[in-house]
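Engineer:
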Amino acid sequence: MAIITISRGLKSGGEALARELEKRLGYKCMSREVISSCARKYNIMEEDLYQKLTEAPSLWHRMTKEHSRYLIYVKCALIEAARQDKIIYHGYAGPLYLDGIEHVLKVRLEAPLDLRIQNMVDDTGLSREEAAAALLKVDEERRRWVKFLYGKDWYDPALYDFIANLGNISLDTAGEMIEMLANSEEFATTTRSVNRLNDLLLESEVLAAITADDRIWDQNIKVAAQKGAVTIRGMVKSRKLRNLIVETAESVKGVTRCNTHISLASDQLRGGIFGHD
Amino acid sequence: MRIICVSRGSKTHGKDFAEALAAKLGYHCLSREELFEEAVKRRIPIGKLETAIVMRRDTSEALSIELEHYKALATSLLCERALENNIVYHGRDGHLLLPGVGHILKIRVVLDLESRINLVSQSLNLTRNKAKQYIENVEDDRRSWVRKFYNVDWDVFTLYDMVLNLSQMSVQNAALAVCSMAQLPEFQPTPSATAALRDLLLASRCRLRLSEDEKARRLNVKVRASEGIVHVTYPHGAVKGLENITTLIGGVEGVREVVCTAAETNILWIQEAFEPEGPSYGSVMEIAASWGAAVELVKFTPGDSEEVASPVPAEAESEEPSGWRETGIIDDEDRTYQDETSDIARLYARLISDGKAGRKRTLQGSQKTLLNSIDRATSYRLIILDGIFLTKGTSTRKRLVTEWSNALSDSLKVPVLTIDQIVSKYHFGPKQTVQMIACAALAGLSLYTVFHFDDQILAFLSRPELKWRLVSMVAITAFVPFFAQVYGTVTSSVLKLFKFD
Amino acid sequence: MGDLFIALDLTTCFQVILLGFIGGVLSGFIGSGGAFFMTPGMMNLGVQGVVAVGSNITHKFGKAMVGARKHGEMGHVDKKLGIFMLVTALLGIRLAVWISTSLFGSGGGHGEGSGAAANLYISLVFIIVLFFVSISMLRDSLRKREEGDSGPSKRIATWLSGFRLFPMIDFPVADVKVSLWVILIVGLAVGYLAGTIGVGGFLGVPAMIYVFGIPTAVAAGTELFLAMFMGAFGAINYALEGFVDIRLVLLLYLGSLLGVFIGAYGTKVVNERIIRLVTGVIIILCVISRAVAVPIYLAQLKLLVLVDPSLYPMLNSISKAILYLSGLSGVFIILFNVGRGYIRHRRAISSINT
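Protein chains in written order, with this note's numbering: chain S, 1 to 277; chain C, 1001 to 1501; chain H, 2001 to 2354.
#1: Under a three-way DSSP split, which group does Thr248(S) fall into?
#2: Tell me where the alpha helix (DSSP H) around Gln2048(H) begins and ends.
#3: Is it buried or exposed for Met120(S), if we count other Cβ within 10 angstroms and need 16 for buried?
#4: Would a check of beta-carbon distances place Tyr1448(C) closer than 8 Å to chain H?
#5: Using 8 Å for Cβ pairs, my map puts Ala1262(C) next to Ala1293(C). What's the rounded Cβ distance?
#6: Give the secondary structure of Gln1271(C) by DSSP, where H, G and I count as helix, E and B as strand, and everything else as coil.
#7: Arg128(S) versus chain C: which residues are under 8 Å apart at the beta carbon?
#8: So that I know if they touch, is there some Cβ in chain C lying closer than 8 Å to that of Leu135(S)?
#9: So Val2278(H) contacts chain C; which residues on that side make the cut at Cβ distance below 9 Å?
#10: Between which residues of its own chain and Thr1233(C) is the CB-CB distance below 6 Å, once the five residues before and five after are set aside?
#11: Return the first residue and the last residue of the beta strand (DSSP E) that Lys147(S) is part of.
#12: At what residues does the beta strand (DSSP E) containing Gly2191(H) begin and finish?
#13: Only counting the same chain, and skipping five residues up and downstream in sequence, which positions put a Cβ closer than 7 Å to that of Arg8(S)?
#14: Near Ser2027(H), what residues of its chain come up, given a Cβ to Cβ distance below 7 Å and the 5 sequence neighbours on each side ignored?
#15: How far does the alpha helix (DSSP H) with Trp205(S) in it extend, from its first residue to its last?
#16: Quick check on Val1298(C): buried or exposed, where buried means 16 or more other Cβ atoms within 10 Å of its Cβ?
#17: If you compare alpha carbons, which of Thr1449(C), Leu1370(C), Glu1019(C), Gly1278(C) is closest to Leu2250(H)?
#18: Tell me the residue span of the alpha helix (DSSP H) that contains Gly94(S).
#19: Over what stretch of residues does the alpha helix (DSSP H) that includes Phe1017(C) continue unbroken?
#20: Buried or exposed: where does Glu2223(H) fall if 16 or more other Cβ atoms within 10 Å of its Cβ makes it buried?
#21: Using CA coordinates, which residue listed in Ser1395(C), Arg1116(C), Ala1345(C) is at the minimum distance from Ala1131(C)?
#22: Return the bridge partner residues of Val2278(H) from the DSSP annotation.
#23: Smallest Cα separation from Ala133(S): which of Ile6(S), Asn259(S), Leu10(S), Cys258(S)?
#24: Applying the 10 Å Cβ sphere with the 16-neighbour rule, what's the burial state of Glu205(S)?
#25: Whether or not the region 1462-1480 of chain C and the region 2228-2241 of chain H are in contact is what I'm after, with contact meaning three or more pairs of Cβ atoms, one per stretch, closer than 8 Å; do they touch?
#26: Which class does His2059(H) belong to by DSSP, given the choice of helix, strand or coil?
#27: Considering only the alpha carbon of each residue, which of Ser1076(C), Arg1224(C), His1103(C) lies closest to Tyr1160(C)?
#28: Residues of chain A with a CB under 8 Å from the CB of Tyr1487(C): which are they?
#29: Can you name the start and end residues of the beta strand (DSSP E) that Pro1302(C) belongs to?
#30: Using the Cα positions of His1427(C) and Asp1354(C), report the straight-line distance between them to the nearest angstrom.
#31: Which residues in chain C sit within 7 Å of Thr2058(H), going by Cβ to Cβ distance?
#32: Return helix, strand or coil for Ile2296(H), following the three-state DSSP convention.
#33: Is Gln226(S) helix, strand or coil when you go by DSSP?
#34: Specify the secondary structure class of Arg108(S) as computed by DSSP and reduced to three states.
#35: If contact means a Cβ-Cβ distance below 8 Å, which residues of the region 1265-1290 of chain C contact chain H?
#36: Given that Thr1491(C) touches chain H, what residues does it touch there, using C-beta distances under 7 Å?
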C-alpha cells in the first residue's frame, strides 16, 4: 500500500505506465483530476489554474498573487487526494509536494530523446525539428520552474526512488519492478507516515489561508505543523501584520494551537530578534 | 552468462547492494577493486593513471597507452568471467565496460546527499562540511575518470536501464526486486550478445599480448576484433616494430586473420547493401585518404517496421508496448564466414588492398541494436548512413534515414551524413569550382567598382544631409555583409581545395 | 573630403590588406578581437582615428553576420542577461560615438589639428585599457605554469555579491543574482569601449566571468549574442555619421577572412598557454606603439611639446615599426606553428596512404 508519483519529461510514456500500474496494483490513477477538484474547491476556472501551473516564469521572475495562491491550492488538493492512499499520481509536481512522506514511492521515467521526439511527431503531426525544439523547450521550462519554485534540480536522481529508462527496459518490466517496490515494507503506509501527511496538509492549509488574504499573501513566513499544533516562523514588517497572520492561522479548521516565532523587521534593525507566544 | 552491472558513487551502499544481489541470484560478484589489484600484479601503473586523471593533467602518450592496457585487462577479465558464469560487476564504470553487448542489466545506485554525508562523517571521522567536500571531490574524480576513459558523462541517465535510490529502500529489498527483473527475457543472453562478448574478449587478449612484449608494449595501437578477424590500427608514428605485431597477435588463440591499418581516425560506414564497384566508394575513399582514416563497415538490415517505429508507447495509448525484440548478428556461420562473394566481403577486400580497412560486421535488428553495437570509446570523425530501408518507398526511406541519422548523431555526437551530403561537403568537384569562380568574380567586381569610382562613392558617403546619410548607412550595412559572405565563400573554397581543415 | 579619407595608393592598400590578415589570424587564434591590432595600424597609416574605428566596427559587423549564419547556433545564451547588457551597451556605444565625433569636430576645424583631439583620446583609452588586459593575460599565462587549473577566481564575484543594491535581478540560465546597477555599469563600459576603440569582447567576457560569476560557456555565448548586435549598432552609428571608409573595410576583408581560417586552425595545433602568451605580448607591443605616437597628437593640439617637432616623422615610423614588428612576429609564430602542424598532418596522411 503506497502512493506512487510518476514524473517524466513530455512524451516519455508516463500515462501508459500509470495505466499499467493501475491494472497491476488496483490503485486509482490521478492527474488532471487533482487540478479539477482544486479548481472546484477554490472556485477557480480550471483552464486558468492549469495555465498558471504550466506557463514558464516570467522574464522578471515575479510571483503574482494568483500564482502563489494557485500553487498552494494545488498542493492542498494533492495532499488531500494522497490521503485516500493507493493512488497513482502522474501529474504536476508530485515528488516535490509529497516530499518527506515515507509511503510515497517517487518514480521517474527517462526515455531517449529521439523516441520522445518520435512520439511527439506521431501525436501532434509536427515536423521532427519542431517536435524536438518543442520538447527541449518544455524540458528546459520545467527544469527552470522546479528550480525557481522549489529550489531543486529536476534531474537530481536523489529526488526519486526509482528511475526507469524506457529506452532500455519495457513498460512491463518497469511496471513489475514498481509493483514490487510499492508492495515492499519500506513504502508501506504506517501511522507515522500518515501523521506526517496530515501535518503536511495542515501546514499547506494554513499557508493557503494566509496566501488567500490580500494583506498578508506575500509575507515571508514558514509554517510547520504537528498534530494540530502549528508553528509559524519568519519576519514581517509590522505588529499588525503579525497579529493578522496569527488570527488567520488560528481560524483554519484543525488548528488547535498556534506558536509564532515571527520577528518584526523593525526589531531586527534595532538588533533584537524576538518571538512571542 | 548473464551480466548485471552496478554503477555506484562513493558511500551509496552500492557495494552492499551488488553483493546482496549476487548472493540472492547465486552469481559471481566482481568489483572494480579486484580489477585494480590484478592490474597492479601485471605492472600496469594504475595508481599513476588515477592520479593523472584526477589531477586533470594532460596524459602523456606513454600513459594513455597504459590506459589502453588497463582497459584491455579489465575487459578480458570481465569477459572471461562472464562467459564462464553469471556475474554481478560493481564499480563506477559498470555500464560502460562492455560496449556493444546488448543484454546487460545496467543499474545505477544513488543515495541522498544527507545520508551519504552521515556515512562519510562517521566512517572517516570528519565534520559535516569536510564530509560534504569529500563526497563532492570523489564524485568529481569519478566524473573525470569516466569522461577520460569512455568519453561519456557519468550522469546521463539514459545510459542506464534504471536508477535505484537506496535512501528509503533497504539494500535487501532493492536486491530482491532486481532479482526478479534479471530473470526477464530482455536481459537473457542472445547469440549476438555472446558473439559481441567473444569479440571483445579476443580483442582485449590480443591487446594484452602486445603489452607483454617489451617492444610492442610502447606502441600506441588500437585492437578490435570481429568474427575472428583482428584489426590493428596504429597512428602514423608507430610503423617501427609493426612486423612484430602480426606474429604476436597471430599466436593468440582464436585469431583467424590479422589486418593492420595505419589510421589517425575512423569513418563508420553503415549501409544495407554495398556496391563495391559503385561511385560512392571513390567518394568515401577521397575523404578517408585526406583524413588518414580507416573505414569500418557495418552491413545493417533493419528489423521490421513495428520495431523501428515506436518502442515507447505514446502518452495516449494504453495498449501493451511492442517491447524490444532483440535480434542480432546473423549467426549463420556458413554465411558470414564463407560468402566471399557477398557485397560487403568484396568491398572489404577492396579496402584492404587500399590499406584502409577497419572492422566489418553484419548486423540485423532495431535502432537500439545498431546504437548498442557502436563502440563509444573509438573516435569516429564521421558516420556515413546511406541506403538502408531498401524495401521501403523513396519518401519513407528518406524520412527513416533522417530519423536514424538524428538518433545516431544525438547519441554519439558525431556528424552523420549520407554519401550525397559528403560529396557536397567535402568533395571539391566542378560544382564547387563554378561556385568559387562565380563568387570570386562577384568579389572582384565589387572591389573594382568601389576602387574605380572611389571618389564618387566617398563623396556620396560623406554628404551632410540626413537623408543621404541614412541612404549611405543602409547601403553600407547591406553591402558589407554581402561582400563578406561572397569573399568568405571564396576563401573557404580555396582552403578546402588545399585540404586545409 | 581629403581630410577625412586618406588617399590610397598601392603600397597603402597592400599594408591595409596585411593589417587585415594579421588581425584575422590573431582573431581566429584568440577567438575574439583583432581590432586591437587593426585600429592602431590604420591610424599609423594616417587614417583618422574615428574613421579607423568606424571602418573596423563595420568590418567586424559583416564578419559576425556571416559567422552567426554559418554557426546557426548561439549555444549557451542567457538571453535575459544579454538583453540587459545590450541595452546598456548600446547606450555606451552611442555615448562613445558622440564623444569621438564631437572631439573630431572640435579639434581646430582644419589643417593638422583636425582630428588630433579624437586621435589622442582614442589612443589614450586604447593604451589604458589594453595595458591592463595584456598585463592580466600575461600574468595568467605565467602563473598557470605552477598551479593546476583552478578555474576562474571567484573573489571579485563574491565581493560584488555583497553589493546587494536594490533591485537584484535573477538570471536563470547563468544561475546568478546580480544587482541591476552592476549590470548597468559593466554594460555601459563594454559598450563604451566597443564604440571607442572597437574592442568589446576583451572586457565583456572576463567581466561576466569575474564580476558576475557566471560560467565561462554562458559568458562566451552571451558575448557572441552581444557582439552581433553591438557590431550592427556601432556600424549603423558610424555609417550615419559618415565615418566609414568602405574601401578600407573591403581591403581588411581581403586579408582577414583568409587569416581567420588560418588562425582558427592554429588553435588546434598550438598549446593554449602559448596562445595566451603570444597574445599578451602582441597586445602590449600594440600599446607601446600607440604610446609612442601620443606626443605627436599632443603637439598637434598645441598642448604640450615633449620632443623636438623634427622628430615627429621618426616617432610615427617607430610606432609603426613596433606595431608591425609585434604583428608580424606574432603572425610568424602562429604561421610557423600552423605550417608545421599542417605539414606534419599531411605527411602523416601521405605516409598512411602509401
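Just so it is clear, CB atoms sit at the ideal spot from N, CA and C, and this is done for glycine as well.
Since we're looking at a predicted model, the values are computed, not measured.
Structural biologist: The structure says:
#1: helix
#2: Per DSSP, Gln2048(H) belongs to no alpha helix (DSSP H) and is neither H nor E.
#3: buried
#4: no
#5: Not a contact, Cβ separation roughly 10 Å.
#6: strand
#7: Thr1402, Glu1403, Asn1406
#8: no
#9: The premise fails here: Val2278(H) is roughly 19 Å from chain C at the closest Cβ pair, so nothing lies under 9 Å.
#10: Lys1222, Thr1261, Ala1263, Ala1294
#11: Where Lys147(S) is concerned, there is no enclosing beta strand (DSSP E), although the alpha helix (DSSP H) it sits in stretches over 128-150.
#12: Where Gly2191(H) is concerned, there is no enclosing beta strand (DSSP E), although the alpha helix (DSSP H) it sits in stretches over 2180-2197.
#13: Gly14, Arg108, Leu109
#14: Gly2033, Gly2034, Val2260, Gly2263
#15: Residue 205(S) is actually Glu in this sequence, not Trp. Counting along the chain, the alpha helix (DSSP H) containing Glu205(S) begins and ends at 191-212.
#16: buried
#17: Thr1449(C)
#18: 94-97
#19: 1014-1025
#20: buried
#21: Arg1116(C)
#22: DSSP lists no partner for Val2278(H).
#23: Leu10(S)
#24: buried
#25: yes
#26: helix
#27: His1103(C)
#28: The structure shown contains no chain A; its protein chains are S, C and H.
#29: 1293-1302
#30: 19 Å
#31: Ile1476, Val1480
#32: helix
#33: strand
#34: strand
#35: Ala1289, Ser1290
#36: Leu2257, Leu2258, Phe2261
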